[in-house]
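Inspection log for the structure reproduced underneath, given as structure tokens.
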Amino acid sequence: MDNPAVEDEPCEQCGLCCRIFGPGIAPTAANVFTWMENNRSDILCWFVAFVENGSGPVPCTTLSPEDLGSVVVFEMRNPDTGGYVTVCPFLRRAGKERYLCGIHTVKPDMCCTYQPWVWGETYFNRCRSLRNRRREPGE
16 MDNPAVEDEP CEQCGLCCRI FGPGIAPTAA NVFTWMENNR SDILCWFVAF VENGSGPVPC
76 TTLSPEDLGS VVVFEMRNPD TGGYVTVCPF LRRAGKERYL CGIHTVKPDM CCTYQPWVWG
136 ETYFNRCRSL RNRRREPGE
């Protein structure tokens, strides 16, 4: 498993964000390229691409770096069924109420930049960290 979040993040690693929003993860072409370069078929197999010519879904495991310029959108899909996933497949339970990202060091950009505690951008009112911060004395 890749390393967990850095210390300055208020995230409590409850996994709620990843369980709710995880199925909507869409990597960038740069993310997919990195996974190709690092032979991460374990990650690529969970994504499909839709390309400019209208064909798709195309499994990302079959794409080449040259194909990335014609990709319109990437979507997460179950590699066995082709259907949509219900929870991020990279989310790993690390304790009774603690979850970690199994691909933390190479996770998609949208996961890296997601901060549920930022009002007006990615605010998520069900975030446990936000709830607990509101309860702290003196705030």
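Going left to right, the sequence shown walks through residues 16 to 154 as the numbering used here numbers them.
All C-beta atoms, glycine included, are put in the ideal place defined by N, C-alpha and C.
Item: For residue 40 and residue 187, believed in contact at Cβ under 8 angstroms, the rounded distance; Value: A query on residue 187 cannot be resolved here, the shown segment of the chain reaching from 16 to 154 and no further.
Item: DSSP three-state assignment for residue 110, whether helix, strand or coil; Value: strand
Item: Counted within 10 angstroms of its Cβ, other Cβ atoms place residue 90 as buried (16 or more) or exposed; Value: buried
Item: Helix, strand or coil at residue 62 [DSSP, three-state]; Value: strand
Item: In DSSP terms, what residue 74 is bridged to; Value: 63
Item: Straight-line Cα distance separating residue 25 from residue 50; Value: 28 angstroms
Item: Buried or exposed (CB count within 10 angstroms, at least 16 for buried), residue 118; Value: buried
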